[in-house]
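S.K.:
Chains as they are written, first to last, in the working numbering: chain A, 330 to 569; chain B, 330 to 569.
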């Protein structure tokens with residue numbers, strides 16, 4: 330293993346939607362380098378960068394090494410640099426041990442995030458997908474890092490067509506509704522929700538209905554990206 | 330001076346609009362600690378953080394110490410961590426000298442930005458306000474850092490009411506037009522520009538016209554923040 334830079338780390342917040350709930354990817358603290366201290370704390374996949382490693386590369390490498398996941402687009406979203414973030418002492422001791430007693434006093438971490446559709450292929454032996462609603466105490470400031478990522482995701486889903494990345498190609502309005510409720514952690518009146526979608530021409534109704542359901546099959550829709558760009562161009566410019 | 334953390338720095342991109350041009354705040358490399366190497370390179374105000382210093386605090390402190398400016402809201406916008414960013418060698422040598430030969434190999438910098446109305450009070454003896462259009466070669470990757478800040482600013486001014494922070498309380502459409510042209514570095518047909526503003530109810534015409542001009546005095550407007558919030562709520566939600 331190349332030498333580590335004991336001052337800088339990367340951490341990845343991978344949010345996954347499993348068609349019901351929003352989850353976040355955690356790993357067991359113990360799994361790293363086989364060191365097993367007391368307790369079974371969970372953490373975000375992340376680690377110290379190598380001495381000569383680019384930050385983005387380090388994030389992709391770390392995610393892959395710790396979880397087996399790749400081909401996930403990571404976006405840098407914030408830096409966490411509180412001088413006291415490596416607490417409690419127990420967590421810091423663990424970090425020193427797993428890095429063969431590097432002299433670690435302070436680590437600034439660069440946080441990355443991603444939102445994915447959670448499928449079987451993302452469930453590797455090392456991954457723990459934990460509902461964001463009820464997180465346990467994670468190591469260091471990882472709860473705070475997730476909170477910040479959620480804030481950003483919630484702003485984004487209100488202003489960008491993120492939801493379609495979580496839906497199948499053909500979807501019902503009910504499914505869209507579920508995505509919004511799960512991610513924003515709010516409930517929306519379904520009649521109002523439908524009303525708001527009505528004027529959106531980029532939601533194109535198909536000549537098809539749901540199959541294999543034991544209620545009245547609902548209309549299926551698709552998302553038309555070209556029509557969305559037109560709509561967005563008109564809407565998005567504040568003035569110009 | 331407290332001990333430095335020779336691995337992490339902060340850099341501030343302060344963009345200032347002087348009612349004609351967009352400028353960026355630079356300082357002379359030489360001014361730091363009185364060390365005067367060859368050349369007269371310019372740089373962003375920024376420096377290594379202290380060992381136990383919070384990142385945001387470090388940015389405010391550094392800006393104040395190097396330029397005399399304070400009360401400027403700084404927003405973290407990106408991290409620059411390319412392992413080779415401390416080049417050319419001459420710049421790295423300078424950094425080592427000014428920090429009394431700290432062992433500096435790699436520095437990850439957290440970049441902050443701000444947009445202000447450039448007035449006499451921002452012009453302190455240490456500040457150099459340089460037009461962003463025609464920047465010289467700055468030290469390290471500072472040109473790149475400014476480029477990224479401009480990208481963000483240009484996106485923001487298209488979607489947020491930033492321009493009003495650069496205008497006087499009472500302003501003409503011509504003045505607004507000038508802000509957009511200067512910041513986006515594009516020219517806009519003034520008739521089209523007026524047409525686009527027409528439906529915006531948060532631009533409230535005053536019972537007043539320009540004074541002391543030697544052309545036909547133009548209508549004055551004010552920005553109504555409440556009406557803007559209403560407008561924005563309607564417009565901004567993608568769906569909800």
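Every residue, glycine too, gets a C-beta built ideally from N, C-alpha and C.
(1) Entirely within the segment 332 to 403 of chain A and at least 4 residues each: give me those alpha helix (DSSP H) ranges in chain order.
(2) Taking the beta carbon of residue 535 of chain B as the centre, do at least 16 other beta carbons fall within 10 Å, making it buried, or is it exposed?
(3) Report the option in B:541, B:505 and B:520 whose CA atom is closest to the CA atom of residue 532 of chain B.
(4) Looking only at its chain, what residues have a beta carbon closer than 6 Å to the beta carbon of residue 361 of chain B, apart from the 5 residues adjacent to it on each side?
(5) Residues of the segment 406 to 428 of chain A in Cβ contact with chain B at a cutoff of 8 Å, in chain order, please.
(6) Can you name, in chain order, every residue of its own chain whose Cβ lies under 8 Å from the Cβ of residue 364 of chain B, other than the five neighbours on each side?
(7) Identify every residue that forms a DSSP beta bridge with residue 548 of chain A.
(8) If you run the structure through DSSP and keep just helix, strand and coil, what is residue 562 of chain B?
(9) Using a cut-off of 8 Å between C-beta atoms, extract the partners of residue 383 of chain B located in chain C.
(10) What are the complete alpha helix (DSSP H) segments, minimum 4 residues, inside the segment 453 to 534 of chain B?
(11) Should residue 435 of chain A be labelled buried (16 or more other beta-carbon atoms within 10 Å of its own) or exposed?
(12) Could you tell me whether the Cβ of residue 437 of chain A comes closer than 8 Å to any Cβ of chain B?
(13) Within the same chain, show all residues whose beta-carbon is closer than 7 Å to that of residue 396 of chain A, passing over the 5 residues directly before and after it, in chain order.
(14) Would you report the Cα separation of residue 538 of chain B and residue 500 of chain B, rounded to the nearest angstrom?
(15) At the level of alpha carbons, what is the spacing between residue 481 of chain A and residue 492 of chain B?
(16) Under a CB-based cut-off of 8 Å, is residue 336 of chain A close to chain B?
(17) Would you kindly work out how many angstroms separate the C-alpha atoms of residue 560 of chain B and residue 528 of chain B, rounded to a whole number?
(18) Please name the residue or residues paired with residue 436 of chain B in a DSSP beta bridge.
(19) How should residue 507 of chain B be labelled, buried or exposed, when 16 other C-beta atoms within 10 angstroms of its C-beta is the threshold for buried?
(20) Does DSSP classify residue 450 of chain A as helix, strand or coil?
(21) Taking the straight line between their C-alpha atoms, what separation do you get for residue 332 of chain A and residue 421 of chain B?
(22) At the level of alpha carbons, what is the spacing between residue 473 of chain B and residue 335 of chain B?
(23) How far does the alpha helix (DSSP H) with residue 425 of chain A in it reach, from first residue to last?
(24) State buried or exposed for residue 382 of chain B, treating a residue as buried only when at least 16 other CB atoms are found within 10 Å of its CB.
(25) Please state the DSSP three-state secondary structure of residue 556 of chain B.
(26) With H, G and I counted as helix, E and B as strand and the rest as coil, what does DSSP make of residue 444 of chain A?
(27) Which of the three DSSP states is assigned to residue 330 of chain A in this structure?
(28) What residues are listed by DSSP as bridge partners for residue 409 of chain B?
M.R.: Taking the coordinates as given:
(1) Along the length of the segment 332 to 403 of chain A, whole alpha helix (DSSP H) runs at least 4 residues long occupy 384 to 396, reported in chain order.
(2) For the purposes of this step, residue 535 of chain B is taken as the residue at position 206 of the second chain. By the 10 Å Cβ count, residue 535 of chain B comes out exposed.
(3) As a first step, residue 532 of chain B must be located in the second chain, where it is residue number 203. Of B:541, B:505 and B:520, the residue nearest in Cα terms is B:505.
(4) What you label residue 361 of chain B is simply residue 32 of the second chain in a count that begins at 1. Below a pLDDT of 50, predicted positions are generally treated as unreliable, and residue 361 of chain B, at 48, falls in that range; no measurement from the model is reported.
(5) Sequence-ordered contacts of the segment 406 to 428 of chain A with chain B read 407, 408, 410, 411 and 412 [C-beta pairs closer than 8 Å].
(6) Walking along the second chain from the start, residue 364 of chain B turns up at place 35. Confidence at residue 364 of chain B is low in this model, with a pLDDT of 49, below 50, so the placement of that residue is unreliable and no value is reported for it.
(7) On the first chain, position 219 is the one that residue 548 of chain A refers to. The beta-bridge partner set that DSSP reports for residue 548 of chain A consists of A:538.
(8) Counting from one through the second chain, the residue named residue 562 of chain B turns up at place 233. Residue 562 of chain B: helix per DSSP, three-state reduction.
(9) The displayed structure is made up of protein chains A and B, and chain C is not among them.
(10) Every alpha helix (DSSP H) of 4 residues or more that sits fully in the segment 453 to 534 of chain B is shown, in chain order, as 471 to 488, 502 to 513 and 519 to 526.
(11) Taking the first chain and counting its residues from 1, one reaches residue 435 of chain A at position 106. With 16 or more other CB atoms across the displayed protein chains lying within 10 angstroms of its CB, residue 435 of chain A is buried.
(12) Numbered from 1 along the first chain, position 108 holds the residue referred to as residue 437 of chain A. True, the Cβ-Cβ gap to chain B drops below 8 Å.
(13) Position 67 of the first chain, counted from the first residue, corresponds to residue 396 of chain A. Here the set comprises 354, 356, 374, 453, 455 and 456.
(14) The residue you call residue 538 of chain B lines up with position 209 of the second chain. The residue you call residue 500 of chain B lines up with position 171 of the second chain. Rounded to the nearest angstrom, the two C-alpha atoms are 9 Å apart.
(15) Position 152 of the first chain holds residue 481 of chain A. Position 163 of the second chain holds residue 492 of chain B. Computed Cα separation, rounded: 24 Å.
(16) Reading the first chain from its first residue, position 7 is the one you call residue 336 of chain A. Taking 8 Å as the threshold, the shortest C-beta distance from residue 336 of chain A to chain B falls below it.
(17) On the second chain, position 231 is the one that residue 560 of chain B refers to. On the second chain, position 199 is the one that residue 528 of chain B refers to. Roughly 11 Å separates the two Cα atoms.
(18) Along the second chain, read from residue 1 onward, the residue named residue 436 of chain B stands at position 107. In DSSP, residue 436 of chain B forms no bridge with anything.
(19) Your numbering for residue 507 of chain B matches position 178 in the second chain. Flag for residue 507 of chain B reads buried.
(20) Your numbering for residue 450 of chain A matches position 121 in the first chain. Looking at residue 450 of chain A - three-state DSSP - the assignment turns out to be helix.
(21) Here residue 332 of chain A refers to the residue found at position 3 of the first chain. Here residue 421 of chain B refers to the residue found at position 92 of the second chain. So the alpha carbons of these two residues sit roughly 22 Å apart.
(22) Residue mapping note: residue 473 of chain B aligns to position 144 of the second chain, counting from 1. Residue mapping note: residue 335 of chain B aligns to position 6 of the second chain, counting from 1. Between the C-alpha atoms of residue 473 of chain B and residue 335 of chain B there is a straight-line separation of about 21 Å.
(23) Translated into positions along the first chain, residue 425 of chain A becomes position 96. For residue 425 of chain A, the enclosing alpha helix (DSSP H) stretches over residues 418 to 427.
(24) Residue numbering aside, residue 382 of chain B sits at position 53 when the second chain is read from its first letter. Around the beta-carbon of residue 382 of chain B, 16 or more other beta-carbon atoms lie within 10 Å, marking it buried.
(25) Stepping through the second chain from its first residue, residue 556 of chain B is reached at position 227. Three-state DSSP puts residue 556 of chain B in a helix.
(26) For the purposes of this step, residue 444 of chain A is identified with residue 115 of the first chain, where counting begins at 1. Strand at residue 444 of chain A.
(27) Start at 1 with the first residue of the first chain, and residue 330 of chain A comes out as number 1. Coil, per DSSP.
(28) By one-based count along the second chain, residue 409 of chain B stands at place 80. Per DSSP, B:438.
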